[in-house]
Amino acid sequence: MASLSNVPPAATSADSVGSPPAAVAQKLDLTAEIARDLIRFDTTNYGEGRSNGETDAAEYVAEKLRGLGLKPELFDSEPGRTSVVARVKGRDASRSALVVHGHLDVVPADAANWSVDPFAGVIKDGLLWGRGAVDMKNMDAMILASLQDVIAAQGAPERDLVIAFFADEEAGGVLGSHFLVKEHPHLFDGAAEAISEVGGYSITLGGKRAYLLQTGEKALIWVKLVARGEAGHGSRMHPNNAITRLAGAVAKLGRHEWPIRLTDTTEQLLGEIARILDVDPQRVGPDELALATGTASGFIQASLRTTANPTGLTAGYKHNVIPDMAEALIDIRSLPGEEDLVLAQIQEIVGSDMEIVTMHRDIGLETEFSGPLIEAVVGTLERHDPGAPVLPYLLSAGTDNKALSTLGIKGYGFAPLRLPADLDFPAMFHGVDERVPLDALVFGRQVLTDLFSSY
């Protein structure tokens, strides 16, 4: 079992890299310490069953939970693919439980492209840098730090909390959240709602701060396009070239402009943006309103339509051999309920002779922006950032809330962060030089502590 003193060391002192000597003595908030420690566990998930594994990070998290007097359970879906769940008894047993969850895996990071070691947990320029800094070891840390605060202050949260740290979210959660809800659904008994990543963060509208609360997420469809042809010598005239056919299909699909279609959530969001900016939504188009949110438009524009992005190509085995097969990976995110329609449209775009193989598929979600939890979230943010409105939005990506929804649990994205206006937060997700402001982590800890104490 991992010891808290056995956290993987950084290549250099993470507290001093890129910082003046005076910064070395600066004490980090507990949230930043935990997030830094978690970043130093390389839990890279390459997909298709290839992963460095989450076990070491899971044992670290479990030891933190034991230190709070809790009894975490560890579950391995496969060797090295470990998830952690602990139930925190609340003061009011009549209330439904709230699932508070994060994931321990991260997507790959090519160190050659980064300005810092992506797994060193570097503290520099008032930010924590590293793979997982926003997706989502920051929230993992905020959960643990907030739990400590609540238990120390009042002994227990207001209601039962089911604390979960899942494996494999970055590959669709098959070996993490989906495994647990199928094999161990009792862990979530009595839970009606859940909160997790990619919501509760601030944006800037017309020079004023607002917060986005994630109340839905698009459907997920990962497919492989397969083109078949005839193998032959690379010097020949070869009209039936699988690579040529695949390249044409990929380019056509990648350049396809999907039409805007508003859901209840995106229509409500755009209406609120128009109200705050004092513009007429009938005269200002959806894309223009989305762009008015600044860097947040990186998520919001994609929520207004289907997206289908090529993400990988595989073909050939020798420079002078024309292969008989070529493949491309496509990441499709459709609006909730439109999965089959979108797949049919993609077949039309790439042609009937192109094989489409579905590698992984999961549902879209959309939940109303109302109810006691929404009121509690809005009230909590108001106490910590008075006057900043809270707006619903549809996440263009997906979370482990998809798996929990199969148990009837409504999921929301609420990992609160008060961010500077010039930080391109959406670009941090799966991007180079992923980082999060230290003071945003402190803010998130305070907000979650307040929520757990009162809701």
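Take any residue in the sequence shown, count from 1 to its spot, add 746: that is its number in our numbering.
Glycine residues also receive a C-beta, built at the ideal position from the N, C-alpha and C atoms.
Worksheet item: With which residues is residue 974 paired in a DSSP beta bridge?
Response: Answer by DSSP bridge pairing, in chain order: 1071.
Item to complete: Express the C-alpha separation of residue 773 and residue 871 in angstroms, rounding to a whole number.
Response: If I take the Cα positions, the gap works out to 15 Å.
Worksheet item: Count the other CB atoms within 10 Å of the CB of residue 962; is the residue buried (16 or more) or exposed (fewer)?
Response: For residue 962, the number of other beta carbons within 10 angstroms of its own is at least 16, and it is reported as buried.
Discussion item. Let's test the definition: count the other Cβ atoms within 10 Å of the Cβ of residue 1214 and tell me whether it reaches 16, buried, or not, exposed.
Written reply: This structure does not reach residue 1214, given that the chain is present from 747 up to 1201, and the question cannot be answered.
Worksheet entry | Start-to-end residues for the alpha helix (DSSP H) that takes in residue 809 | 801–812 is the extent of the alpha helix (DSSP H) around residue 809.
Discussion item. Can you tell me whether residue 767 is helix, strand or coil according to DSSP?
Written reply: For residue 767, the pLDDT reaches just 42, beneath the cut-off of 50, and the residue's location in the model is therefore unreliable, although a value from the coordinates is still provided. Note: residue 767 maps to helix in three-state DSSP.
Practice prompt. Measure the beta-carbon distance from residue 878 to residue 820 and round it to whole angstroms, keeping in mind my assumption that it falls under 8 Å.
Written response: With 8 Å as the limit, residue 878 and residue 820 do not qualify as a contact, their Cβ atoms being about 20 Å apart.
Worksheet entry | Within 8 Å, strictly: CB atoms of residue 993 and residue 1069 | At a Cβ-Cβ threshold of 8 Å, residue 993 and residue 1069 do not count as neighbours.
Practice prompt. Take residue 1149 and list the residues in its own chain whose beta-carbon comes closer than 6 Å to its own, dropping the five residues that flank it on each side.
Written response: The residues are 919, 923, 924, 927.
Worksheet item: If you compare alpha carbons, which of 828, 1009, 1043 is closest to residue 1170?
Response: Nearest option by C-alpha distance: 1043.
Worksheet item: Where in the region 1039–1099 do unbroken runs of the alpha helix (DSSP H), each at least 4 residues long, occur, reported from the N-terminal end onward?
Response: With a minimum length of 4 residues, the continuous alpha helix (DSSP H) runs that stay inside the region 1039–1099 are 1043–1046, 1085–1096.
Worksheet item: For residue 1167, does the count of other Cβ atoms within 10 angstroms reach 16, so buried, or fall short, so exposed?
Response: Residue burial is scored here from C-beta neighbours: residue 1167 has fewer than 16 other C-beta atoms within 10 angstroms and is therefore classed as exposed.
Worksheet item: Which parts of the region 850–895 are runs of the beta strand (DSSP E), unbroken and 3 residues or longer, counting only runs that do not cross its ends?
Response: Within the region 850–895, the complete beta strand (DSSP E) runs of at least 3 residues are 868–870, 873–875.
Practice prompt. For the region 953–967 and the region 848–863, state whether three or more C-beta atom pairs, one from each stretch, are separated by less than 8 Å.
Written response: Taking 8 Å as the limit for Cβ pairs, the verdict is that the region 848–863 does not touch the region 953–967.
Worksheet item: Going by beta carbon distance, what residues of the same chain come within less than 8 Å of residue 790, once the five residues before and after it are set aside?
Response: The beta carbon of residue 790 sits closer than 8 Å to those of 797, 798, 851, 852, 853, 854, 855, 877, all from its chain and outside the five residues before and after it, given in chain order.
Worksheet item: Thinking C-beta only, is residue 1146 closer than 8 Å to residue 847?
Response: Less than 8 Å divides the Cβ of residue 847 from the Cβ of residue 1146.
Discussion item. Bridge partners for residue 1112 per DSSP, in chain order?
Written reply: DSSP output for residue 1112 lists 962 as bridge partner(s).
Worksheet item: Is residue 1006 helix, strand or coil by DSSP?
Response: The three-state reading of DSSP puts residue 1006 in coil, since its state is none of H, G, I, E or B.
Discussion item. Pairs of beta-carbons, one from the region 1175–1184 and one from the region 989–1009, closer than 8 Å: are there three or more?
Written reply: Short answer: they don't touch.
Worksheet item: Hey, would you say residue 834 sits closer than 8 Å to residue 903, going by beta carbons?
Response: For residue 834 and residue 903, yes; Cβs fall inside 8 Å.
Worksheet item: The beta strand (DSSP E) spanning residue 824 covers which residue range?
Response: Residue 824 -> beta strand (DSSP E) spans 819–824.
Worksheet item: Going by the beta-carbon positions, is the gap between residue 888 and residue 943 smaller than 8 Å?
Response: No, the Cβ-Cβ distance between residue 888 and residue 943 is not below 8 Å.
Worksheet item: In this structure, what does DSSP give as the bridge partners for residue 1101?
Response: When DSSP reads this structure, residue 1101 sits in a beta bridge with 972.
Fill in: Simplified DSSP assignment, three categories, for residue 1157
When secondary structure is reduced to three states using DSSP, residue 1157 falls in the strand class.
Worksheet item: Closest to residue 1088 by CA distance: which of 864, 1120, 1189, 1053 is it?
Response: Of the candidates 864, 1120, 1189, 1053, the one whose C-alpha sits nearest the C-alpha of residue 1088 is 1053.
Discussion item. Quick check on DSSP: helix, strand or coil for residue 1165?
Written reply: In this structure, residue 1165 counts as coil in the three-state DSSP scheme.
Fill in: residue 1190 - containing alpha helix (DSSP H), residue span
Per DSSP, residue 1190 belongs to the alpha helix (DSSP H) from 1184–1200.
Worksheet item: Where does residue 1143 fall in DSSP's three states?
Response: DSSP places residue 1143 in coil when its eight states are reduced to three.
Fill in: Cβ contact check for the region 1007–1025 and the region 1107–1118: 3 or more pairs under 8 Å
They touch, by the three-pair rule.
Item to complete: Give the DSSP-derived three-state secondary structure of residue 955 in the structure shown.
Response: In the structure shown, residue 955 adopts extended strand secondary structure according to DSSP, grouped into three states.
Fill in: In DSSP terms, what residue 791 is bridged to
797, per the DSSP bridge assignment.
Item to complete: Tell me whether the beta-carbon of residue 1156 lies closer than 8 Å to the beta-carbon of residue 938.
Response: Taking 8 Å as the Cβ cut-off, residue 1156 and residue 938 qualify as a contacting pair.
Fill in: For residue 1141 and residue 1018, the rounded distance between their alpha carbons
A direct Cα-Cα distance of roughly 17 Å separates residue 1018 from residue 1141.
Item to complete: Could you check the C-alpha separation between residue 1020 and residue 1026 for me, to the nearest Å?
Response: Just so you know, the alpha carbons of residue 1020 and residue 1026 end up roughly 6 Å apart.
Fill in: Continuous alpha helix (DSSP H) stretch holding residue 911: start and end
The continuous stretches of alpha helix (DSSP H) do not include residue 911, which lies in the beta strand (DSSP E) extending over residues 907–912.
Practice prompt. Quick one: measure Cβ to Cβ for residue 921 and residue 823, integer angstroms, because I've assumed they're closer than 8 Å.
Written response: That belief holds up - the Cβ atoms of residue 921 and residue 823 are roughly 4 Å apart, short of 8 Å.
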